Structures are given as C-alpha cells and as structure tokens.
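Numbering (my numbering), first residue to last: 7 to 327.
For every residue, glycine included, the Cβ atom is placed at its ideal position computed from N, Cα and C.
Model, not experiment: these values are computed from the prediction.
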Amino acid sequence: MSDRPVLFVTRKLPDAVETRATRDYDAKLNIDDSQYDAPALISNSAEADAILTCSTEKFTADIINQLSARVRAIATFSVGYEHIDIDAAKARGIIVTNTPDVLTSATADVAMLCLLGAARRQQESTALLRADQWGRWDATSLLGAHVTGKRLAILGMGRIGRAVAKRARAFDMEIHYSNRSRLAPELEQGALFYKNPDDMLPSAEFLSINCPSTPETHHFLNTDRISKLPDGAVVVNTARGDIIDDEALIAAAKSGKVSGVGLDVYEGEPAFNKGYLDLPNAFLLPHIGSATVDTRDAMGFRALDNLDAFFSGATAPDTLT
Ligand code: DGY
Numbered sequence: 007m008s009d010r011p012v013l014f015v016t017r018k019l020p021d022a023v024e025t026r027a028t029r030d031y032d033a034k035l036n037i038d039d040s041q042y043d044a045p046a047l048i049s050n051s052a053e054a055d056a057i058l059t060c061s062t063e064k065f066t067a068d069i070i071n072q073l074s075a076r077v078r079a080i081a082t083f084s085v086g087y088e089h090i091d092i093d094a095a096k097a098r099g100i101i102v103t104n105t106p107d108v109l110t111s112a113t114a115d116v117a118m119l120c121l122l123g124a125a126r127r128q129q130e131s132t133a134l135l136r137a138d139q140w141g142r143w144d145a146t147s148l149l150g151a152h153v154t155g156k157r158l159a160i161l162g163m164g165r166i167g168r169a170v171a172k173r174a175r176a177f178d179m180e181i182h183y184s185n186r187s188r189l190a191p192e193l194e195q196g197a198l199f200y201k202n203p204d205d206m207l208p209s210a211e212f213l214s215i216n217c218p219s220t221p222e223t224h225h226f227l228n229t230d231r232i233s234k235l236p237d238g239a240v241v242v243n244t245a246r247g248d249i250i251d252d253e254a255l256i257a258a259a260k261s262g263k264v265s266g267v268g269l270d271v272y273e274g275e276p277a278f279n280k281g282y283l284d285l286p287n288a289f290l291l292p293h294i295g296s297a298t299v300d301t302r303d304a305m306g307f308r309a310l311d312n313l314d315a316f317f318s319g320a321t322a323p324d325t326l327t
C-alpha cells in the first residue's frame, strides 16, 4: 500500500501534468475525461486526500459538505474559483488553491485577439472566403473599428487586466480602468482610474472585461450600462460569461449601439446563448484563453506545487481559504 496522498483528478489533464501527478501521488486520473456529476464527484473523492479539479466542476456548499472527511485540499486548475464555495471549504478545514500568474499572458493575448477580431470583422471576412464569395476588392466593404489611438476601458485591473493594458499600449490605445482599488503609479502607468465603473463607460470606445465573477459583477454589463457606452463601442470578455447580460449585449450588437463583440467566455457555457451566432459582428471563441501547451502545463504544475507544499506541511502559495 502506498503512503503517498491519494489525489482525485476530476478531468483529463495534459500528459506532463498527469505524469507528475502519478509520480508524486496515488493519482486517480480521469483518463477518458468522463463528466462527473455531483454524486460522482462525491463518491470519487471518498478515498481521496485531495482533489485536483477544473472550473468545469462545481463544488457547491452542498457538495463540499458531503465530501469525505479525508479530503483536506482542493486545487483548481484555473485562476478563477467562482465554482468552489470557499466559505464552505474553509468551514470544513479544506484548503483551496488556484493557479494565478501562469495564464496571464496567454489570456491577455486572447483578449487582444478578441479585440482585434471584433474590431476588424474577422469572422465575417473569413466567412466570405470560406463560402467562396469574395468579389472584387472595394473601398466600402468590411470597414471595422479603428484601434490605434482609441480609448480602451478595462474592467478589473488585476494581473490579466494589466497584461491587456500592456499589449494595448503597443497599439497606442489610451488606457482607462476601474478596479476595486487604485493601482500604484508604477502599475497604473498613466492609465486613468475610475472608482465607479459606471463613470468609465462613456469613455469605453473599447471595453475589456477582466474582473472575476462575483455576486457583485453578475450581469454587470446590462442594458442600462450598455446605453452609457459610446455609440459603436466594441465589447470584449475573456473573464467569465455571467458578467454580461447576453440578451442586452445581443440586442445592442443588432442595433449597432455596439459595433463588435469579442467573446471567449459565456454564461452557462458550453450551452451559450445561440443569439450570438446570428451576429455577423461577433468574434467568438470557445474559452481558449489559457489554451497553449506551455500555459496548460504550467497551470497543472502550479496546482501540483500547491499540493506538494500543503502535504509537506507548508502553506500552499496560492491558498484562497
Ligand atoms: C481560468 O483559469 O480561470 C480559466 O478561465 C480556465 O477556467
């Protein structure tokens, strides 16, 4: 019998991560990436000392309260942790960790991809080629939103928001931001701060959502707030889908109030609002922000670093509880 901690891994993870998990833990892998519902999460963790999960599994208070008393740690392979009831875990003495930093650049890259793709009408343009309907070059078709010199408003100026700002500065964009607290000057780098995000919206020729999903940010971007955006604004979301009221954004993209939408995340994903598919001016990706080989390996290693620290008796660096 092994004296290594038993680790229940809820999803298929990159090979390098599974190899390390198997080397250092008595790892119960999900080789065929089966989808575990609540009873399966509970039963599979019966013999586990720790759980390595992803943002696709919801650890509600109800589920956490039914986990075996043996479970002492939940490490999520994500920076977002809205899928785990932190208070319930804390109440049971279970530590929870996430994977900050390692996915910052990959996610910020995808935010710029969404921004440029939405501004420059990539999906409409490529659809013409795929349908073999490209006519003569002309001076008036497929005109998009100009990026250089425009105002980019960033909601949530944490690591990813700041990495988006860094990239956008290279496009000569003027950075505005709203965050719970104002950044120090060396992090702010001349960006204009708004304590109240509503006050930032009239400046948002481009709006990038980079804040966490919390009860306070749920449906932040609703009809009322969209009305405060400049006409023809471009909206980008690479954070969490539920920060946007989809019906409100779809209506605004149809009316032209919003000229482009760039989304990597959706409320209720993967069952997203299919109204987006009818929008020619929507640039849509299936939550690939962190999807590079390097980043996904780094996320797994970071999650395992946290578990290693915890089981060696130290405080795991990314402890949230
Ligand atoms: C994250 O790490 O939060 C990514 O969005 C994947 O869930």
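Whole-angstrom distance between residue j and residue i, CA atom to CA atom
| i | j | result |
| --- | --- | --- |
| ILE100 | LYS34 | 19 Å |
| ALA137 | ARG127 | 16 Å |
| ALA112 | ALA297 | 7 Å |
| HIS225 | ASP324 | 28 Å |
| LYS96 | HIS293 | 29 Å |
| ASP21 | GLY262 | 45 Å |
| ILE90 | PHE65 | 5 Å |
| SER84 | SER265 | 31 Å |
| GLU275 | ALA288 | 17 Å |
| LYS219 | LEU326 | The displayed chain sequence assigns Ser, not Lys, to residue 219. Looking at the two C-alpha atoms, the distance is approximately 15 Å. |
| PRO203 | SER233 | 14 Å |
| ALA94 | LEU73 | 11 Å |
| GLU194 | MET305 | 27 Å |
| ALA343 | THR62 | Outside the shown range of the chain, which is 7 to 327, sits residue 343, and nothing can be said about it. |
| ASN36 | THR16 | 6 Å |
| ASP39 | LEU283 | 28 Å |
| CYS217 | SER49 | 34 Å |
Residue i Cβ short of 7 Å to ligand 1 heavy atom set
| i | result |
| --- | --- |
| SER214 | no |
| SER61 | yes |
| LEU58 | no |
| SER111 | no |
| SER219 | no |
| SER296 | yes |
| SER84 | yes |
8 Å CB neighbourhood of residue i in its chain, flanking five on each side removed
| i | result |
| --- | --- |
| LEU313 | PRO11, LEU13, TYR31, ALA56, LEU58, ALA79, ALA81, THR103 and ALA322 |
| GLY281 | ASP252, GLU253 and ILE256 |
| GLY295 | LEU109, ALA112, THR113, VAL116, ALA117, THR244, ASP270 and VAL271 |
| GLU130 | LEU148, PRO286 and ASN287 |
Start-to-end residues for the alpha helix (DSSP H) that takes in residue i
| i | result |
| --- | --- |
| GLY123 | 110-125 |
| SER233 | 229-234 |
| PHE278 | Segment: none, PHE278 is in no alpha helix (DSSP H) and carries neither H nor E. |
| ASN71 | 67-72 |
| THR22 | First, the amino acid is wrong: residue 22 is Ala here, not Thr. 21-30 is the extent of the alpha helix (DSSP H) around ALA22. |
| ILE166 | 165-175 |
| THR146 | No alpha helix (DSSP H) contains THR146, which DSSP labels as neither H nor E. |
| ILE256 | 252-261 |
| ILE92 | 92-97 |
Contacts around residue i, its chain only, beta-carbon distance under 7 Å, and the 5 residues preceding and following it disregarded
| i | result |
| --- | --- |
| PRO106 | VAL85, ARG165 and ASP324 |
| ALA197 | ALA171, ILE181, HIS182 and TYR183 |
| ARG231 | ASP204 and LEU207 |
Closer than 8 Å to chain B by CB, residue i
| i | result |
| --- | --- |
| VAL77 | Going by chain labels, chain B is absent from the structure shown, which holds only one protein chain. |
Boundaries of the beta strand (DSSP E) in which residue i is found, first to last residue
| i | result |
| --- | --- |
| ILE160 | 157-161 |
| GLY306 | Counting along the chain, GLY306 falls outside any beta strand (DSSP E), though it belongs to the alpha helix (DSSP H) covering 299-317. |
| ILE80 | 79-82 |
| ILE48 | It is not in any beta strand (DSSP E) - ILE48 instead sits in the alpha helix (DSSP H) that spans 44-50. |
| ILE215 | 212-215 |
| SER184 | 180-184 |
| ILE101 | 101-103 |
Neighbourhood of residue i by C-beta, 6 Å cutoff - its chain only, sequence neighbours within 5 removed
| i | result |
| --- | --- |
| ALA174 | LEU158 |
| ASN185 | MET163 |
| ILE215 | LEU161, ASN243, ALA245 and ILE249 |
| GLY268 | CYS120, LEU121, GLY123, ALA124, VAL242 and PHE289 |
| TRP140 | LEU134 |
| LEU227 | ILE250 |
| GLY150 | ALA125, ARG126 and ARG127 |
| ALA44 | ILE69 |
| PRO191 | none |
**Request:** Check whether the region 235-247 touches the region 210-222, counting contact only when three or more Cβ pairs, one atom from each stretch, lie closer than 8 Å.
**Result:** Using a C-beta cut-off of 8 Å, the region 235-247 makes contact with the region 210-222, since at least three inter-stretch Cβ pairs fall below that distance.
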